[in-house]
Structure formats: structure tokens, C-alpha cells
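Peer 1: Could you have a look at this structure, given as C-alpha cells, before my questions?
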Amino acid sequence: MTRWEDRFEVIYKDGSQLKNEGFRQIIVDKVTGVNYLIWKSGYAGGITPLLDSEGKVVITK
């Protein structure tokens with residue numbers, strides 16, 4: 208089993224978990240190239256694949 212750091216790369220960070228705006232990251236799966244948006248604020252958070260203007264998943268090659 209691979210470690211998280213081996214599979215995913217953080218390419219963008221913004222915000223703070225200590226503020227109401229939350230903390231945002233964009234990560235890339237090194238195996239599939241799929242880009243994900245992660246949002247965290249307090250005890251809440253979520254993850255979703257990034258989509259382009261046509262509704263297709265953003266893939267970094």
C-alpha cells in the first residue's frame with residue numbers, strides 16, 4: 208500500500224483553518240492525474256474532483 212505523500216501532490220494552498228473562511232488545497236493524484244479540491248473549516252470539510260467549463264474532470268499530465 209502506498210503512502211498518501213507518494214500518491215498525491217499538493218499544488219495549491221490558501222486560507223487558514225483558524226478563520227471562518229477555511230483552508231483550501233488543490234491536490235493531484237500522481238497515478239491518474241485527476242485534480243481534487245479539498246476544503247476544511249473547523250470540524251467540517253469536503254473533497255471533490257475539479258471540473259472544467261464543460262463539466263469534465265481536470266487531469267494534469
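Each residue of the sequence shown is one higher than the last, beginning at 208 in my numbering. Virtual Cβ for every residue (Gly too), placed ideally from N, Cα, C.
#1: Let's test the definition: count the other Cβ atoms within 10 Å of the Cβ of residue 217 and tell me whether it reaches 16, buried, or not, exposed.
#2: Cβ of residue 237 within 8 Å of Cβ of residue 214?
#3: Determine the direct distance from the alpha carbon of residue 220 to that of residue 233, and round the result to whole angstroms.
#4: Nearest to residue 247 by alpha carbon, out of 259, 255, 266?
#5: Let me check understanding here. Comparing Cα to Cα, which of 249, 244, 252, 231 lies closest to residue 259?
Peer 2: Well, looking at it:
#1: exposed
#2: Result yes, Cβ atoms of residue 237 and residue 214 sit closer than 8 Å.
#3: 7 Å
#4: 255
#5: 244
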